[in-house]
Amino acid sequence: MPETASTTRAPDALLPSLAPLLHEWLPRQRWFAGKGRRVLGFTLDAATELLPLDGAGPGLLHLLVRVDQPGRPAGTPADCYQLLLGVRTQLPPRLGPALIGRIRQGPLAGRAVYEGLRDPRLAGLLYERLRTPGRTGPLRFHATTALPPALAPRMLDAEQSNSSLVYGDSFILKIFRRVSPGANPDLELPLALSRAGCARVPAPVAWFESGAATLGVLQPYLRDSRDGWRLALDALADGREFTTEARALGRATAEVHLALAGALPTLRLPRSETEHLAAAMDRRLHVAAQAVPALLPYVPGLRAVFAAAGEAPGAGALQRIHGDLHLGQTLRGSDGGWAVIDFEGEPAKPLDERRSPQPTVRDVAGMLRSFDYAARTHRPWNADWAARCRAAYCTGYAEVAGADPRADPALLRAYETDKAVYEVVYEARHRPDWLPVPMSAIERLAAPR
Numbered sequence: 001m002p003e004t005a006s007t008t009r010a011p012d013a014l015l016p017s018l019a020p021l022l023h024e025w026l027p028r029q030r031w032f033a034g035k036g037r038r039v040l041g042f043t044l045d046a047a048t049e050l051l052p053l054d055g056a057g058p059g060l061l062h063l064l065v066r067v068d069q070p071g072r073p074a075g076t077p078a079d080c081y082q083l084l085l086g087v088r089t090q091l092p093p094r095l096g097p098a099l100i101g102r103i104r105q106g107p108l109a110g111r112a113v114y115e116g117l118r119d120p121r122l123a124g125l126l127y128e129r130l131r132t133p134g135r136t137g138p139l140r141f142h143a144t145t146a147l148p149p150a151l152a153p154r155m156l157d158a159e160q161s162n163s164s165l166v167y168g169d170s171f172i173l174k175i176f177r178r179v180s181p182g183a184n185p186d187l188e189l190p191l192a193l194s195r196a197g198c199a200r201v202p203a204p205v206a207w208f209e210s211g212a213a214t215l216g217v218l219q220p221y222l223r224d225s226r227d228g229w230r231l232a233l234d235a236l237a238d239g240r241e242f243t244t245e246a247r248a249l250g251r252a253t254a255e256v257h258l259a260l261a262g263a264l265p266t267l268r269l270p271r272s273e274t275e276h277l278a279a280a281m282d283r284r285l286h287v288a289a290q291a292v293p294a295l296l297p298y299v300p301g302l303r304a305v306f307a308a309a310g311e312a313p314g315a316g317a318l319q320r321i322h323g324d325l326h327l328g329q330t331l332r333g334s335d336g337g338w339a340v341i342d343f344e345g346e347p348a349k350p351l352d353e354r355r356s357p358q359p360t361v362r363d364v365a366g367m368l369r370s371f372d373y374a375a376r377t378h379r380p381w382n383a384d385w386a387a388r389c390r391a392a393y394c395t396g397y398a399e400v401a402g403a404d405p406r407a408d409p410a411l412l413r414a415y416e417t418d419k420a421v422y423e424v425v426y427e428a429r430h431r432p433d434w435l436p437v438p439m440s441a442i443e444r445l446a447a448p449r
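The sequence shown stops at residue 449 when you use full-length UniProt numbering, and every number in between is there.
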């Protein structure tokens, strides 16, 4: 693997000059997971110049920064974030919205620092590094196929927990913002599915990493596709049914599950494991209720749902799954076929938990919650529309998988409840205006049956 020359700035010289800017800028970013908690300080794990900072043109600085915040469990490391910072003496007006601030001290004093991914020149440089596998300092770049040169980049502005760049409407690069050691499922699972011949998932064509951490993945960009969330909302607005699409989505989900079960190890789901899963849900509920007091009145009813799942007989298997499946993680192509994307799992959960085998019903529950989410964004709420979509999805799933996820209602209800609890915490932190949507589901799920 060829190595490209790079300069690694000494942390003791670089970090003090950047810290005041990062202290203000980081908490405002959509992908920053520590919202609502004070930033106590920073530790620099690595600093790599992908484009030298000493020339007349722009420089590109790749950072892995740990952010110290209160409330971190004892013995656990601070969250690590990946930053790609542009550095210029003068920032052109077109890059004004990307400005983070001007450095006031240290070796880069007087320079403007900005979000480098918004600079086409710097974003293009990152793509060129992916085209040429090798090393730049601690960064390692890999490619599975030859990639065309000089594709124009653009950064997507959609709200998400990572950052994405599209190159020439041909490829999309996901930059993981909060990184952890270990294989990221958004690389690991699509690679396994590609090798298994599953056409439902765009196959990775390049990626880069540092140490054991996956930093970014490049995949084909399905430019003529529309995501399932947008399609569902359009159907609601037009008064159309969505059951045909929901049934096809169920079939696509089952195909992905079967391919994952064939490509990666599976485990039997015994009764003891069912009890363990239910106990873990109960613990997550306890933590969530402390974070969002609005959950507290519903805790007894929700705990009863989890207890019922723990008493259910063990059945089926544990396997690798998507982990955060909903309508926004699906794309329908111009041919009507469905693709499944974004296998990272729930970003707030630890990486080892996201990579652990799970019951497939967890993915099913996530999609069922998504139909409910879509229906509740429409006024008046169309509960029957959601119910028909949910039924059609399960029917389509059963047609391919050979087993209906509704056959174990206690486990399915528990996973729906667990997902709704997660949604409450997520919305409370990131989108408070959306909080009534999962809270209405909590009220329904907590009611005695």
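Just so you know, even glycine gets a beta-carbon here, dropped at the ideal spot from N, CA and C.
Should residue i go down as buried or exposed, given a rule of 16 or more other Cβ atoms within 10 Å for buried?
i	result
E344	buried
G34	buried
V364	buried
S194	buried
V287	exposed
Y161	Looking at the sequence itself, residue 161 is Ser, so the reference to Tyr does not match. Buried is the call here.
S272	exposed
H62	buried
A13	exposed
S163	buried
G239	exposed
Q219	buried
L412	buried
T330	buried
D224	exposed
G402	exposed
G328	buried
G333	exposed
G96	exposed
Q82	buried
Who are the near neighbours of residue i in its chain, counting only those whose CB is closer than 7 Å to its CB and skipping five residues on each side?
i	result
R121	P58
E416	A365, L368, R369, L445
D404	C394, A398
L125	L50, L51, L60
Y221	V166, D169, S170, F171, I172
G316	L269, P359
L40	D68, Q69, P70
A5	Because the pLDDT of A5 is 47, which lies under 50, any placement of that residue in the model is unreliable, and the number read from its coordinates should be weighed accordingly. The answer is none, since no qualifying residue turns up.
K419	A365, G366, R369
M439	A294, V424
Is DSSP giving residue i helix, strand or coil here?
i	result
G134	strand
L435	coil
A123	helix
R444	helix
A407	helix
L222	coil
A348	coil
R429	helix
R140	strand
A5	Any reading at A5 needs caution, since the residue's pLDDT is 47, under 50, leaving its predicted position unreliable; the model's value is listed next. Residue state, collapsed to three classes: coil.
Leaving out five residues before and five after residue i in sequence, what residues of the same chain have Cβ atoms less than 8 Å from its Cβ?
i	result
P20	G101, R104
P350	S180
S17	I103, R104, Q105, G106, P107, L108, A109
R37	Q69, P70, G71
Residues in its own chain within less than 6 Å of residue i by CB, not counting five upstream and five downstream?
i	result
R118	A98, M155
A447	none
residue 450	For residue 450 there is no data in the structure shown, the boundaries of the chain being 1 and 449.
T209	The question names Thr, yet the displayed sequence has Glu at residue 209. R140, L215.
A309	A278, A410, L411, A414
residue 450	Since the first residue of the chain shown is 1 and the last is 449, residue 450 is not available in this structure.
T266	A317, Q319
R129	F141
Q.
Quick check on the DSSP output: what are the complete beta strand (DSSP E) runs of length 3 or more inside the region 147-220, in order along the chain?
A. 153-155, 163-167, 171-175, 206-210, 213-220
Extract the residue ranges of the beta strand (DSSP E) inside the region 271-342, only unbroken runs of 3 or more that lie entirely within it.
330-332, 338-340
Original post:
For the 8 Å Cβ check, are there 3 or more pairs between the region 280-296 and the region 318-327?
Top reply: no
Practice item. Please go through the UniProt domain "Maltokinase N-terminal cap" (25-119) and give each complete beta strand (DSSP E) segment of 3 or more residues, from N-terminal end onward. Key: 41-51, 59-68, 79-88, 99-102, 112-115
Going along the chain, which unbroken runs of the alpha helix (DSSP H) with 4 or more residues stay wholly within the region 358-401?
361-376, 383-401
Segments assigned alpha helix (DSSP H), at least 4 residues, entirely inside the region 233-272
243-263
For the region 245-260 against the region 373-382, do three or more pairs of beta-carbon atoms, one drawn from each stretch, fall closer than 8 Å, so that the two count as touching? no
Give a yes or no on contact between the region 382-390 and the region 237-257, applying the rule of three or more CB pairs nearer than 8 Å.
-> yes
**Message:** Contact between the region 174-189 and the region 140-150 is defined here as three or more beta-carbon pairs at a separation below 8 Å; is this criterion met?
**Reply:** no
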